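Numbering (my numbering), first residue to last: 4 to 235.
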């Protein structure tokens, strides 16, 4: 499709912008390492909490439905399908975000767990960029994100790993794996790093787990550094 696919699209979605966010710290570690190696030319950053992506509206739904009924439509032909100012506005908001995803060699997502799932700020971005057919080659039908790497830097205040009481309440990581897989990203290219028990230092009930929390954060830092070193 002629797109350059060697850049880094860096997304943060934590509402905590006081400098205490674990996901912002870890995603920043990855981004700094990447920029030291490749410079700023291919780097794109979006703070989804500070500058929220508008929620999709009825015009988005109407245009998406009309487009999907015609099969896979090339991005450059979608605008011609828009009917009225509302649909045109929705597409104008959507196209630049879709192009960022398609152009990125690596998508880096900083995502805390809120109420067992992902923040609303990230979900708004997901809904907006998930335009029908946007990641499928209209000629061959192949997934355009087959060579894209996704790095999910996640955090949760409690413990949700295998064998924990809340293992079945983890709708954060499984959701993101399923989502990026549905976009066409290869399963082996979705890399998840998660720091758990991040609230052990300030919630009394989690105090006994402070050592585990420290170990989890240290392991997450090491994993992020290793992934950044393997950036291509």
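Glycine included, every Cβ here is placed at the ideal spot set by N, Cα and C. Note that this is a predicted model, so its numbers are computed, not measured.
Query, Result
"With a Cβ-Cβ cutoff of 8 Å, do residue 112 and residue 59 count as a contact?", "no"
"With a threshold of 7 Å on Cβ separation, who are the neighbours of residue 65 within its own chain once the five nearest residues in sequence on each side are excluded?", "90"
"So, is residue 129 buried or exposed, given that buried needs 16 or more other C-beta atoms within 10 angstroms?", "buried"
"Between residue 227 and residue 32, is the Cβ-Cβ spacing less than 8 Å?", "yes"
"Just checking, does the stretch 185 to 202 make contact with the stretch 145 to 154 on the three C-beta pairs under 8 Å criterion?", "yes"
"Less than 8 Å between the C-beta atoms of residue 151 and residue 181, yes or no?", "no"
"Based on DSSP bridge pairs, tell me the residues matched to residue 117.", "120"
"When DSSP labels each residue in this structure, what does residue 235 get in the three-state scheme?", "In this prediction, residue 235 scores a pLDDT of 49, lower than 50, which makes its location untrustworthy; the coordinate-derived value is nonetheless stated afterwards. Coil at residue 235, not helix or strand."
"Please name the residue or residues paired with residue 78 in a DSSP beta bridge.", "BP columns for residue 78 are empty, so no partner."
"Out of 76, 164 and 166, state which residue places its alpha-carbon closest to the alpha-carbon of residue 135.", "76"
"Can you list, in chain order, the residues of its chain whose CB lies under 8 Å from that of residue 194, leaving out five sequence neighbours each side?", "152, 153, 154, 155 and 230"
"When the distance is taken between beta carbons, is residue 78 closer than 8 Å to residue 101?", "yes"
"Look at residue 62 and residue 92 and say whether their C-beta atoms are less than 8 Å apart.", "yes"
"How would you label residue 17, buried or exposed, when you count the other beta carbons within 10 angstroms and need 16 or more for buried?", "buried"
"Going by the DSSP bridge assignment, what does residue 164 pair with across the sheet?", "Residue 164 pairs with nothing; no bridge assigned."
"Please classify residue 219: does DSSP put it in a helix, a strand, or coil?", "helix"
"So, with DSSP's three-state summary, where would you put residue 84?", "helix"
"Between 192, 219, 183 and 191, which has its C-alpha nearest residue 200's C-alpha?", "219"
"State the start and end residues of the unbroken alpha helix (DSSP H) segment that holds residue 56.", "Element bounds for residue 56: n/a, residue is neither H nor E."
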